[in-house]
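Encoded structure:
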């Protein structure tokens, strides 16, 4: 479960833990308030893993940990929830680096994590749930960088849905309305 420092990710981690699932919950800051809240409120079946989706070495470390702890059973599910946006400005005024930063987290990080976990998901007939955004479906003024990254993510997950169907891996996309999550 990627992106558990706050919001949807933290709530999902707590809910899945309460249901008795073994949860691998990634956080950006393992000493931050979100991680502390998960340690306080969840069972020992929840494992916190530090992961920055812009750092391939973090993703690889998390993949190795999950593989080491699920190899015989496979992986029941992946929740791509981590997201990033720090720019609210017209596309023309948004620096190119802001577009790249959104793509790194919202698209490339989720792509790398998903691809790395596919063998475990296939072996268990698992599922991928990805949190995208209506901003990836419709043009929202001043959200060009974020919207473009979420549009790419949504299209990628639609492609995975088609490609993974023969292996019994289900792919779902969630486009929540506006919620303050971070």
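Residue numbers (UniProt numbering): 1 to 182. Each residue gets a CB set at the ideal place from its N, CA and C atoms; glycine is no exception.
For residue 177, tell me which candidate among 168, 145, 136, 157 has the shortest Cα-Cα distance.
Closest by alpha carbon: 136.
Extent of the continuous beta strand (DSSP E) run through residue 172:
Its beta strand (DSSP E) spans residues 170 to 174.
Backbone CA spacing between residue 76 and residue 102 [nearest angstrom]:
Distance between the alpha carbons of residue 76 and residue 102: 28 Å.
Would you be able to state if there are at least three C-beta pairs under 8 Å between the region 58 to 73 and the region 86 to 99?
The region 86 to 99 and the region 58 to 73 do not touch, with fewer than 3 CB-CB distances between them shorter than 8 Å.
Helix, strand or coil for residue 80 per DSSP?
Here residue 80 sits in strand by DSSP.
Using CA coordinates, which residue listed in 48, 71, 138, 150 is at the minimum distance from residue 108?
Residue 108 has its Cα closest to that of 150, out of 48, 71, 138, 150.
By alpha-carbon positions, which one of 74, 31, 79, 29 ends up nearest to residue 11?
Closest option to residue 11, Cα to Cα, is 79.
Excluding the 5 residues flanking residue 98 on each side, which residues of the same chain have their C-beta closer than 6 Å to its C-beta?
Cβ within range, chain order: 87, 145.
From the DSSP output, in three-state form, read off residue 130 for me.
Three-state DSSP puts residue 130 in a strand.
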